[in-house]
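These notes concern the structure reproduced below.
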Amino acid sequence: MIVDELEVALDRLIRDAKRRDTIAAVLIATSFFMFGIVALLLLDVIVVPDTIKGSLIMAILLLIWIFMAIGIYFLVSQPLPKTFRIVADSSGVVGVINNRKFTNEKIYVPESSFRNLPPNVAIKANLEVVRPPESEVARFRGVDRELAEALAVASILKAKYLITQKKIGNKVNGVKIVNPNKIL
Numbered sequence: 005m006i007v008d009e010l011e012v013a014l015d016r017l018i019r020d021a022k023r024r025d026t027i028a029a030v031l032i033a034t035s036f037f038m039f040g041i042v043a044l045l046l047l048d049v050i051v052v053p054d055t056i057k058g059s060l061i062m063a064i065l066l067l068i069w070i071f072m073a074i075g076i077y078f079l080v081s082q083p084l085p086k087t088f089r090i091v092a093d094s095s096g097v098v099g100v101i102n103n104r105k106f107t108n109e110k111i112y113v114p115e116s117s118f119r120n121l122p123p124n125v126a127i128k129a130n131l132e133v134v135r136p137p138e139s140e141v142a143r144f145r146g147v148d149r150e151l152a153e154a155l156a157v158a159s160i161l162k163a164k165y166l167i168t169q170k171k172i173g174n175k176v177n178g179v180k181i182v183n184p185n186k187i188l
């Protein structure tokens, strides 16, 4: 991720965590309240006919168990940030691997970029080769063939970033062009 967008992602993650904690607190508090109702039913403070008393208590205990389980699950689970798609040409993949960044992230590369990669770099990276259609590549004829294919792949996958060491600008077709050194 770009350093500027890290704060936005963390804010979104904190907001999701607060929402999950609030839901967990409401579910757990509701189960304790329902347990109090069961206690009042058993002590005959709340008068219910004996024919439905047992069934009512069992149904409430089942609801308590379900609410408590869901609440505890929400409390101990953590929301994960949404992943984003990264497209790179051969120079971008080499830069990312040399900087030891995104070693576990999947990096989408066009077929021509994959052919240009050194074998030792291709083995280290988690790559997925994508073949863009010629009609999409033709839209980006202003740059060299490999970069045009990478831009076509990025636009097809609706990727957020294209990593390359070539200088062509900041943004093309809604895709941010970044240098491997500027990636977090």
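Our numbering runs 4 ahead of the 1-based position in the sequence shown.
Ideal Cβ placement from N, Cα and C applies to all residues, glycine included.
Quantities reported herein were computed from a predicted structural model and do not represent experimental measurements.
Counting the other Cβ atoms within 10 Å of the Cβ of D93 gives 16 or more, which makes it buried. In this structure, V113 sits away from P184, with a CB-CB distance that is not shorter than 8 Å. Sixteen is the threshold: when 16 or more other Cβ atoms of the shown chains lie within 10 Å of the Cβ of P136, as they do, the residue is buried. In the three-state scheme derived from DSSP, where H, G and I count as helix and E and B as strand, K180 is classed as strand. L67 and L46 have their C-alpha atoms roughly 17 Å apart. The shortest C-alpha to C-alpha distance from A21 to any of V91, A73, Y77 is the one to Y77. Counted as a single uninterrupted DSSP element, the alpha helix (DSSP H) harbouring A154 occupies residues 149-161. No Cβ-Cβ contact shorter than 8 Å links K175 with R89.
For A129, there is no enclosing beta strand (DSSP E), as DSSP marks it with neither H nor E. By the criterion of a C-beta distance shorter than 7 Å, I181 is surrounded in its chain by L166, T168, I172, G173, N174, K175, once the five residues flanking it on both sides are discounted.
For A43, the closest of G146, E138, M62 by C-alpha to C-alpha distance is M62.
G146 has its alpha-carbon roughly 14 Å from the corresponding atom of E138. If the five residues before and after E115 are omitted, its C-beta is found closer than 6 Å to the C-beta atoms of V133, R135, all from its own chain and listed in chain order. D15 and R149 have their C-alpha atoms spaced approximately 39 Å apart. Counting along the chain, the unbroken alpha helix (DSSP H) around L65 starts and ends at 54-80.
Contact between S95 and K170 holds, since their C-beta atoms are separated by about 6 Å, short of 8 Å. Each of A126, G58, V157, L79 was checked against the Cα of R23, and the nearest Cα belongs to L79.
Minimum Cα-Cα distance from V98 among the listed residues V30, P122, V91 corresponds to P122.
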